[in-house]
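Asks: As they're listed, the protein sequences go chains A, B and C. The opening position of the first sequence corresponds to residue 574 in my numbering, with each subsequent residue numbered one higher. The opening position of the second sequence corresponds to residue 21 in my numbering, with each subsequent residue numbered one higher. The opening position of the third sequence corresponds to residue 16 in my numbering, with each subsequent residue numbered one higher. Cβ coordinates follow ideal geometry from the N, Cα and C atoms, glycine included. For reference, the structure I am asking about is given below.
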Amino acid sequence: MTVTLEAPEETPARHGLLRYAAAKAGGALLSIAMVIVATFFLFRMLPGDPVRALAQGRNMTPEQLDLERARLGLDKPIPEQFVHFVTQTLRFDLGDSYEYKRPVIDLIGERIGSTLLLTGTALVMAVSLGIWQGARAGWKPGSRFDKFSTAISLVLWSVPTFWLGLLLLMVFAAGVGPIPGVFPTRGISSVDKPDGFAGVLDVAQHMALPCLTLVAVVYAQYLLVMRSSVIDEVEHDYITTARAKGLRDDDIRRKHAVPNALLPTVTLVFMRIGFVVGGAVTVEAIFSWPGLGQLFYEAIRVPDFTLMQGTFLLITVSVILMNTLADVVYHVLDPRVRSA
Amino acid sequence: MSTLTWVRRRRAISRFWADFRTHRAGMAGLVILAVAVVLALIAPLFIDSGVTNVVSGTGAKMAPPSLDDPLGTDESGRSVLLMIWWGSRTSLLIGFLAALLSMVIGTVLGIAAGHFRRWTGAIILGITDWFLVLPSLVTALVLAALLGGSTATIIVAIGVTSWPSTARLIRAQTLAVEARPYIERSLALGAGHWHITTRHVLPNVAPLLLASTTLEVASAIVTESTLAFLGVSANKTSWGTMLRGSYDWGAATAGAWWYILLPGLCIVVVVMAFTLCGRALETVLNPRLRTRAA
Amino acid sequence: MLELDELSVTYRIESGDVPAVRGVSLSLGAGEAVGLAGESGSGKSSVALALLRLLPRSARVAGRVLLDGEDVLAMKWGRLRSVRWSSASIVFQGAQHGLNPVQRIGVQIAEPLLVHRLASPDKARDRVRELLEQVGLPAWRSRSYPHELSGGQRQRVMIAMALACSPQLIIADEPTTALDLMVQAQVLTLIRQLIADHGISLLMISHDLSVLADVCDRLAVMYAGRLVEAGPSSGDFRHPYSQALAAAFPTVGDPASRLAPRGLAGDPPDPQRLPGGCAFHPRCPVALESCSTVDVELRAAGLDRTAACVLVGD
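Shown next as structure tokens:
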């Protein structure tokens, strides 16, 4: 039997990956461009004069309305507005907020840290829990653990985020009946914010309820996706081979089923980031968490035209960027695609 | 359409019904739905439409459940029970119509994306994917805020932000259907786009569409209540608006648990019913899913 | 060294019980190669999986599987896990998803060594190189992923993996089915050579009689969950089913076989609805009246051969 002694070829994988990333980045730029254009038209071309919509509930004289219109540049011809908008946006100038009388970009800069803290923590927890539980449930479909997990997911899927937040607020912050409230009801830290480690604990205490709400609503999806991914993997022969090799059941799940099931799950997790963002906005609104979501919510309530436009733009662009990142990361992780 | 086709269709429907009956969860969901819809429809026989009027409240303000008001009262003394009952009409109606709108857009674009090859199909698919990435709640909020939150605009806001997932599903089905040999035969006989999509593709995607719509209604109800809660809906009667009231008037800190728990519970029950029903429909209509464990 | 004693496998599904294997008895000596032939649904794959208790939980297994005198079906869990792969290993079809797509080949081959603590990680690496060499693959392939290999190469990896713990028995379930004919020949030659070199017993399962006849000393034919014939691979078949199966493959270059009628009408019976009497009688070209009511056991049918047919035995 002849043994081939060829040397391993120079893998063109690196070049392939760069080319793929470049293509994806191009796609992302196109999407972002479309978002900018869509935002422009959304905020100006919809039926119903946006300034009048803004004036709802507020007593504004026609002169004040005209003044506002001029301030927003809405009295100029559309093409001129469009050029102005695009150039300003590309310079990261998102206009001034009506309510705060400050540049929108500054407001965003102040708030984004809090949002990243809350959403980031919640995502990490939701993904970990969802994947762990989903893997176990999918490994033994029909078992009590599986039925229990699927039932919980179904219920959490049906529960509106804001209602769960309200309930938690009522039970844990305000207290129900004889049980006193344990957690604060709003904000990111107490008025008399302590320093150092005590300060961190204070923030953590404030973050507990909003984080819990966000995790509860989001993790169910990850559980279900991971579960069906694992069920798909178990059908394959290599799992039977692993059993035949004498591995323990848990080891087979951990070393063989889960890594394979993880890949499509991670992709789906990132594809549904829009859902998490919606949940974050709701949670920040209810718990008055001073983040980007709450800023957006305020902009809608006031209503503050430029702030709404600016935050909407930023949120949407972030989602697109995260999606693109996820795509590229998936390509790096999956060996089958890496060398393609 | 020939009688033979209808006979076949009728037989398929009775077979489907026999299958569906075996899914306990799906049947439970269906029963709950039926009860909810009936209650919503007969509400005007028991309740005067002025029940939501702030001055109509007869009970004590923020009172716990009692014999007079079995589910307690809100901040204006209105009975929570009557408000929930009356509000079911709004929530269900908006849910149905928004899902319908989403389905129509999704089906049209989905079939178009699957049917038309090359540039047209690719562009439609690209637009669908782009919409899919947009955060739906955030976009719906903006739409509702800018259009003024009337019932119609809420329906539009939800419909316009939830169609992409349906479109992808329908597109996949369209591609599968059009791969079948009889389509090729149809084309050879000179069938046009309209004929193929309406006479061949549409009847084949219809079952999946039914399951999808049911799930979509569930999602629409949640979105509508969220939009109402966040204050962009001008609607005064939906369950979301009630919960908004509970938040604004500090029901949580006042310990008025009935005001918070009960409207929300209704949302959860109705949404779960639609979801169970929709999932059962999916399992029955999609044989591939049936072979899955559990 | 392997003895199956009235092995039965029944699957429990919603619509009832499915008797996939109905009392199969077989024995395999050390260094012997036995082929198990049959169409899809005959139960042969269930037999293979039953040997190491790899069937799903819904399956009920009865009978005995004696591996070197020990009944596998009665083993405690810990003992079973230690026996798996070290005494007997399996080669599946490498084509589809027989190998873990996200693990390198070398890791997968070394895995049983590490699980059974037969080698340290360093020694295991050496052993992997040695095994790859034995199956005709270059050592650097241990860093490849399954998708980087061809079907034939993947099958060789499966074989190398099966040899890792130097087992006494290898069970090969359709090892060449998805391969091109030329590659198939190469893999069969490799298998023949390896079992001869190492004195390993082989139980090969296939629907292709010619493949089995090539590698195995003895052949057993299964139909509807039972053995209908067993004997040396060099002799002629006596059971009508085996004869039909053998005749289904034309002999290349023989003009007579080109035009001769081939194949059997009908399909294998549904295990939940087996015909009365001899399970084969509906398709049997020489069935008698009594065949539809009287079942028949394996009986002597010539030199070292048994067949389950009333027309056999003299």
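#1: Can you give the Cα-Cα distance for valine 327(C) and aspartate 137(C), rounded to whole angstroms?
#2: Going by beta-carbon coordinates alone, are alanine 165(B) and methionine 881(A) separated by less than 8 Å?
#3: Decide if aspartate 94(B) is buried, meaning its Cβ has at least 16 other Cβ atoms within 10 Å, or exposed.
#4: According to the neighbour-count rule (16 or more other Cβ atoms, all chains shown, within 10 Å of its Cβ), is leucine 691(A) buried or exposed?
#5: Who pairs with threonine 321(C) in a beta bridge, going by DSSP?
#6: Alpha helix (DSSP H) containing valine 226(C): first to last residue?
#7: Ordered along the chain, which non-local residues of its own chain (more than five positions away) have a Cβ less than 6 Å from that of threonine 341(C)?
#8: Would you mind reading off the limits of the beta strand (DSSP E) that contains alanine 48(C)?
#9: Evaluate the contact criterion for the stretch 171-184 of chain C versus the stretch 92-107 of chain C: three or more CB pairs, one atom per stretch, below 8 Å.
#10: Since I believe arginine 233(C) is in contact with valine 49(C) (beta carbons under 8 Å), could you give me their beta-carbon distance rounded to a whole number of angstroms?
#11: Could you tell me whether the Cβ atoms of glycine 298(B) and leucine 235(B) are closer together than 8 Å?
#12: Could you tell me whether any Cβ in chain A is nearer than 8 Å to the Cβ of valine 158(B)?
#13: Would you check if the distance between the CB atom of isoleucine 363(C) and the CB atom of glutamate 244(C) is smaller than 8 Å?
#14: Quick one: is arginine 96(C) near chain A, going by C-beta distance under 8 Å?
#15: Kindly list, in the order they appear in chain B, the residues whose Cβ is closer than 8 Å to that of asparagine 896(A).
#16: Any beta carbon of chain B sitting closer than 8 Å to that of arginine 684(A)?
#17: Note down, in chain order, each residue of its chain lying with its Cβ closer than 8 Å to the Cβ of arginine 119(C), except the 5 sequence neighbours on either side.
#18: Is leucine 591(A) helix, strand or coil by DSSP?
#19: Any residues in the stretch 243-260 of chain B with a beta carbon nearer than 7 Å to a beta carbon of chain A? Which ones, in chain order?
#20: Residues of chain A with CB under 8 Å from alanine 315(B), in chain order?
#21: In chain order, what residues of the stretch 594-606 of chain A put their CB closer than 8 Å to some CB of chain C?
#22: In whole angstroms, what is the alpha-carbon distance linking cysteine 299(C) and proline 255(C)?
#23: What are the complete alpha helix (DSSP H) segments, minimum 4 residues, inside the stretch 173-205 of chain B?
#24: Does DSSP put tyrosine 267(B) in a helix, a strand or coil?
#25: I'd like the span of the alpha helix (DSSP H) that includes alanine 293(B), first residue to last.
#26: One question on the structure: do threonine 723(A) and alanine 710(A) come within less than 8 Å of each other, judged by their Cβ atoms?
#27: Can you give me the Cβ contacts of threonine 575(A) inside the same chain, cut-off strictly under 8 Å, excluding the 5 residues immediately before and after it?
#28: Using a Cβ-Cβ distance cut-off of 8 Å, determine whether isoleucine 681(A) contacts chain B.
#29: Using a Cβ-Cβ distance under 8 Å, would proline 783(A) count as near chain B?
#30: Shorter than 8 Å from the beta carbon of isoleucine 825(A) to some beta carbon of chain B?
#31: Please list, in chain order, the chain C residues whose beta carbon lies closer than 8 Å to that of arginine 664(A).
#32: Considering only the beta carbon of each residue, do histidine 904(A) and tyrosine 593(A) sit closer than 8 Å?
#33: Please name the residue in Ala276(B), Leu102(B) and Pro90(B) whose C-alpha comes closest to that of alanine 63(B).
#34: If I follow the unbroken alpha helix (DSSP H) through valine 122(C), where does it start and stop?
#35: Give a yes or no on whether 8 Å exceeds the smallest Cβ distance from glycine 115(B) to chain A.
#36: Could you give the DSSP three-state label for glycine 44(C): helix, strand or coil?
Replies: With the given structure in hand:
#1: 58 Å
#2: yes
#3: buried
#4: buried
#5: Ala245(C) and Ala315(C)
#6: 224-230
#7: It is not possible to answer for residue 341(C), since the shown part of chain C is limited to 16 through 329.
#8: 48-52
#9: yes
#10: 5 Å
#11: yes
#12: yes
#13: The requested residue 363(C) does not occur in the structure, where chain C is confined to residues 16 to 329.
#14: yes
#15: Val153
#16: no
#17: Ser157, Arg158, Ser159 and Tyr160
#18: helix
#19: Ser245, Thr246, Phe249, Leu250, Gly251 and Val252
#20: In the structure as shown, chain B begins at 21 and stops at 314. Residue 315(B) is therefore absent and cannot be evaluated.
#21: none
#22: 7 Å
#23: none
#24: helix
#25: 277-305
#26: yes
#27: Its pLDDT being 41, under 50, threonine 575(A) is placed unreliably by the model, and nothing is read from it.
#28: no
#29: no
#30: no
#31: Correct list: empty, because the minimum Cβ distance to chain C is about 45 Å.
#32: yes
#33: Leu102(B)
#34: 120-130
#35: no
#36: coil
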